[in-house]
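Protein chains in written order, with this note's numbering: chain Y, 581 to 721; chain A, 581 to 721.
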DNA sequence: AAAAATAGTGGGTGACTACCAATTATTGGT
DNA sequence: ACCAATAATTGGTAGTCACCCACTATTTTT
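Structure, rendered in structure tokens:
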């Protein structure tokens with residue numbers, strides 16, 4: 581794959597290529613070393629970061645459709661990584677929380693992601709990696 | 581969409597988000613202001629950058645499956661942006677080249693892409709934009 | 001001359017993404 | 001008590017993406 585200069589000159593083009601590539605790498609590693617999908621990992625991270633919440637709230641945070649969220653939660657519950665109880669204050673909602681196994685899975689996932697991250701960003705020095713994160717974060721509203 | 585810190589801390593995660601978002605923006609603008617798909621634009625750019633070539637070579641350069649390349653070429657030919665003649669030296673191959681209309685479309689596309697690029701990267705100064713391009717290119721082997 | 005390789009073509013798949021509509025249970029507002 | 005809104009659920013759809021296989025025409029290799 582020997583991309584033409586015109587395309588290589590487009591920052592967003594290269595950005596997309598790198599983004600998709602690294603996402604794929606992360607997803608693959610996560611899948612076969614932790615049995616987690618990217619979304620599953622994202623939900624676990626959300627739960628750990630902001631505590632137990634209703635499905636809709638987690639989905640909202642991640643920009644995930646409620647219906648897709650249901651299916652995702654089914655997987656997590658099935659794998660014993662999360663549990664849902666009805667919120668006693670509003671019995672329409674669930675109160676989804678991490679199980680200890682979920683916490684473990686998240687930590688394993690975190691370590692894996694970090695490793696892939698290091699590999700992907702290997703061509704950069706530590707300073708450059710930090711700078712990149714800074715710049716890309718600025719763009720990401 | 582209020583992503584959890586754990587995810588925001590992952591450079592490749594944000595990279596992917598930004599990449600997909602900007603790709604979408606470029607594709608949309610290209611589609612409704614130049615009637616070009618992203619791949620069509622990419623092929624035009626390839627042709628302009630490295631001259632007439634066989635379909636397989638263009639596809640190879642772009643990492644595109646030969647069968648998908650065929651369909652893409654059909655579109656370009658249909659729109660009068662490219663033409664293909666059999667390579668007299670090897671009549672299995674085509675010799676695909678840009679038409680004047682193709683050249684025009686490419687230039688219009690280029691301008692549009694540049695505009696979206698500026699909008700997307702607006703949060704960055706000119707220096708930062710250049711730095712970002714440098715860093716991201718380093719990663720993209 | 002026969003066999004292997006290559007370019008293009010057509011038809012198709014599986015995964016993934018991002019939706020949407022309808023339904024049920026429950027709640028809050030009036 | 002009634003109505004509108006909300007949470008979760010089920011069962012879809014449409015688009016894109018990255019492939020793969022079988023086939024024809026042509027060229028290269030043996």
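The beta-carbon is built from N, C-alpha and C at its ideal position, and this holds for glycine as well.
For clarity, every value in this text was computed on a predicted model and none was experimentally measured.
Each residue's CA atom was taken as its position, placing residue 619/Y and residue 592/Y some 24 Å apart. The beta carbon of residue 626/A lies closer than 8 Å to those of 633, 638, 641 and 642 in the same chain, with the five residues before and after it left out.
Ranking 664/Y, 673/Y, 669/Y and 670/Y by CA distance to the CA of residue 682/Y puts 664/Y first.
Here the C-alpha atom of residue 702/A lies approximately 22 Å from the C-alpha atom of residue 590/A. For a cut-off of 8 Å, the C-beta gap from residue 716/A to residue 623/Y is around 28 Å, too long to register as a contact. Beyond the five residues adjoining it in sequence on each side, residue 660/Y comes within less than 8 Å, by CB distance, of 679, 681 and 682 in the same chain, given in chain order.
With a cutoff of 7 Å on beta-carbon distance, residue 692/Y and residue 613/Y are scored as near each other. Residue pairing for residue 662/Y: DSSP places it in a beta bridge opposite 678/Y. Three or more Cβ pairs closer than 8 Å define a contact, and the stretch 595 to 608 of chain A meets that threshold against the stretch 597 to 617 of chain Y. When secondary structure is reduced to three states using DSSP, residue 721/Y falls in the coil class, being assigned neither helix nor strand. Per DSSP, reduced to three states, the secondary structure at residue 645/Y is coil, with no helix or strand assignment. Contact of residue 679/A with chain Y by beta-carbon distance below 8 Å is absent, the smallest such distance being about 18 Å.
For residue 660/A, the nearest beta carbon of chain Y is not closer than 7 Å to its own beta carbon. Interface annotation, residue 590/Y: in contact with chain A, CB-CB separation under 7 Å. Taking a Cβ-Cβ cut-off of 8 Å, the neighbours of residue 703/Y in chain A comprise 718, 719 and 721, given in sequence order. Its Cα nearest to that of residue 698/Y, the residue 605/Y stands out among 583/Y, 585/Y and 605/Y. Interface annotation for the stretch 594 to 619 of chain A against chain Y: 594, 595, 596, 597, 598, 599, 600, 602, 603 and 606, criterion Cβ-Cβ distance under 7 Å. Here residue 628/A has 678, 683 and 686 as same chain residues with Cβ atoms under 8 Å from its own Cβ, once five neighbours each way along the sequence are excluded. For residue 602/Y, the enclosing alpha helix (DSSP H) begins and ends at 591 to 614. DSSP, reduced to helix, strand and coil, places residue 654/Y within a helical segment of the structure shown. Close partners of residue 697/A in chain Y (Cβ separation under 7 Å): 590, 591 and 592. Within the stretch 632 to 643 of chain A, the residues whose Cβ lies closer than 9 Å to some Cβ of chain Y are 640, 641, 642 and 643, listed in chain order. Ranked by Cα distance from residue 586/Y, the options 621/A, 714/A, 651/A and 635/A are led by 621/A. Around residue 708/Y, the beta-carbon contacts reaching into chain A at under 7 Å are 715. Using a Cβ-Cβ cut-off of 7 Å, residue 685/Y does not count as an interface residue toward chain A, since no Cβ of chain A sits closer than that to its own. Contact annotation: residue 689/Y and residue 583/Y have beta-carbon atoms that are not nearer than 7 Å. As DSSP reads the structure, residue 582/A sits in no beta bridge. By the neighbour-count criterion, in which a residue is buried when 16 or more other Cβ atoms sit within 10 angstroms of its Cβ, residue 581/Y is exposed.
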